[in-house]
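Quick note on numbering: our numbering labels position 112 of the sequence shown as 202, and the sequence is numbered without any gaps. What follows is a short report on a single structure.
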Amino acid sequence: MLKRINWRAVLITTIWMVCLGGLITLMSFIEIKKAEQTCHKVQVILPGNQFFIERAEIDDILNSKNGMLVGRRLDGINIQNLENRLKANPFIEYAKVYLDMDGVLHADVRQRVPILRIFNIIGQDFYIDQNGLKIPLSDHFTSKVLVANGAILEGFDGKVDTLKNTLSKDLFKMAKFINADSLWSEQVVQIFVADNKDMELVPRVGNQKIIFGNADGMEDKFRNLLLFYKKALPKVGWDAYSSINLKFNAQIVCVKRDSLLKKQLAPTLSADSVKIKLKGIQDSIQNIL
Numbered sequence: 091m092l093k094r095i096n097w098r099a100v101l102i103t104t105i106w107m108v109c110l111g112g113l114i115t116l117m118s119f120i121e122i123k124k125a126e127q128t129c130h131k132v133q134v135i136l137p138g139n140q141f142f143i144e145r146a147e148i149d150d151i152l153n154s155k156n157g158m159l160v161g162r163r164l165d166g167i168n169i170q171n172l173e174n175r176l177k178a179n180p181f182i183e184y185a186k187v188y189l190d191m192d193g194v195l196h197a198d199v200r201q202r203v204p205i206l207r208i209f210n211i212i213g214q215d216f217y218i219d220q221n222g223l224k225i226p227l228s229d230h231f232t233s234k235v236l237v238a239n240g241a242i243l244e245g246f247d248g249k250v251d252t253l254k255n256t257l258s259k260d261l262f263k264m265a266k267f268i269n270a271d272s273l274w275s276e277q278v279v280q281i282f283v284a285d286n287k288d289m290e291l292v293p294r295v296g297n298q299k300i301i302f303g304n305a306d307g308m309e310d311k312f313r314n315l316l317l318f319y320k321k322a323l324p325k326v327g328w329d330a331y332s333s334i335n336l337k338f339n340a341q342i343v344c345v346k347r348d349s350l351l352k353k354q355l356a357p358t359l360s361a362d363s364v365k366i367k368l369k370g371i372q373d374s375i376q377n378i379l
């Protein structure tokens with residue numbers, strides 16, 4: 091007995107085969123069109139307020155190996171090679187290159203963002219970016235960032251590289267914390283590394299050495315310093331002490347400018363017993379300015 095033909099299934103299968111064939115034909119047509127099409131425009135997207143690399147330099151990188159991209163057939167453009175050449179630039183953090191159907195080559199580029207400039211003990215200077223990588227200086231642009239100098243042993247060979255020693259990693263942590271805070275980014279202008287490897291902060295307002303030590307307990311140390319600015323300095327004057335030492339746990343030790351007398355301030359400045367608002371210290375600093 092003959093089976094009844096399922097014409098509905100046959101129809102659906104035929105439609106799918108026709109659609110698949112049409113899709114393959116369309117894709118082949120697109121590839122042929124793409125192969126015959128030429129690049130008629132290069133569009134570079136370069137966001138941000140850093141100017142380590144300019145549009146003209148990106149154009150030079152894109153065109154450096156095989157001549158001008160505009161006018162070249164799309165199938166003759168090696169997208170991956172263009173991306174790799176952009177990423178080889180020490181000031182470029184991210185690069186994505188792609189072509190659209192209109193013959194436009196797009197290059198999305200993101201520059202590195204420095205947060206600290208290092209002057210090491212042998213006279214080298216370089217930046218540390220927001221990802222903790224060493225990057226070189228630019229020949230035509232200087233970024234206004236926090237500066238660190240003194241007994242810094244971290245070297246630099248001119249190439250993008252990771253930080254090697256603990257002190258440099260502490261400096262990066264410190265710079266990242268300071269840059270993320272509107273008050274401290276205005277108040278702290280320099281980090282000096284003493285011979286004993288203590289980090290010392292140079293303030294914009296006030297004429298004293300702020301001995302920070304290492305980056306351990308960094309948030310607590312800055313919190314104590316904020317309390318000190320609010321509770322102590324307005325009473326004794328901003329120039330009463332020659333140094334403010336934050337190294338000790340739960341206290342601040344100061345040296346008076348006119349003597350070597352050390353004054354323990356922990357009971358007054360305990361974060362548990364005193365509550366202050368950030369705006370208060372900001373207002374105090376602004377009044378001094």
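Each residue gets a CB set at the ideal place from its N, CA and C atoms; glycine is no exception.
Residue from the options with nearest C-alpha to residue i
i	options	result
Asn-139	Asp-219, Val-203 and Trp-328	Val-203
Ile-342	Trp-328, Pro-324 and Leu-316	Leu-316
Ala-238	Asp-306, Lys-266, Thr-252 and Gln-280	Gln-280
Ala-270	Arg-145, Asp-285, Gly-111 and Gln-220	Gln-220
Lys-263	Ala-284, Val-250, Asn-286 and Gly-222	Gly-222
Met-308	Lys-337, Gly-112, Tyr-217 and Ser-258	Lys-337
Ile-242	Leu-110, Asp-288 and Val-292	Asp-288
Ser-275	Val-283, Pro-293 and Lys-259	Pro-293
Phe-282	Gly-157, Gln-170, Phe-302 and Phe-318	Phe-302
Lys-224	Asp-329, Ala-305, Pro-180 and Phe-312	Pro-180
Leu-136	Glu-144, Lys-346 and His-130	Glu-144
Leu-189	Phe-246, Phe-141, Tyr-319 and Gln-133	Gln-133
Asp-260	Ile-218, Asp-229 and Ser-333	Ile-218
Lys-155	Val-194, Glu-183 and Asn-171	Asn-171
Arg-313	Asn-339, Gly-327 and Lys-299	Asn-339
Ala-197	Leu-152, Lys-325, Ala-330 and Thr-256	Leu-152
Residues that residue i bridges to, as DSSP identifies them
i	result
Phe-216	Ile-208
His-196	Gln-133 and Tyr-188
Phe-282	Asn-239 and Glu-290
Thr-128	Arg-163
Coil, strand or helix - residue i by DSSP
i	result
Leu-355	Reliability fails at Leu-355, whose pLDDT of 43 lies under 50, so the model's placement of it is uncertain and the value that follows must be treated cautiously. Leu-355: coil per DSSP, three-state reduction.
Leu-152	helix
Glu-183	strand
Lys-385	Residue numbering for the chain in the displayed model covers 91 to 379; residue 385 lies beyond these limits and cannot be assessed.
Gln-201	strand
Asn-162	Asn is not the amino acid found at residue 162; the sequence shown has Arg there. Correct three-state label for Arg-162: coil.
Asp-251	strand
Val-108	helix
Leu-350	Interpretation of Leu-350 is limited by its pLDDT of 47, a score under 50 that renders its predicted location unreliable; the figure taken from the coordinates is listed afterwards. Residue state, collapsed to three classes: coil.
Asp-260	helix
Phe-142	coil
Asn-269	helix
Thr-89	Because residue 89 is not part of the residues shown, which for the chain are 91 to 379, the question remains open.
Val-295	coil
Asp-306	coil
Asn-427	No statement about residue 427 is possible, as the shown extent of the chain runs from 91 to 379 and does not include it.
Thr-103	helix
Phe-312	helix
Glu-147	helix
Residue i: first and last residue of the uninterrupted beta strand (DSSP E) it sits in
i	result
Asn-335	331-335
Phe-302	299-303
Leu-223	223-225
Lys-346	343-346
Start-to-end residues for the alpha helix (DSSP H) that takes in residue i
i	result
Glu-173	169-177
Ser-272	272-277
Quiz item: Do the region 191-210 and the region 231-248 meet, that is, are 3 or more Cβ pairs less than 8 Å apart?
Solution: yes
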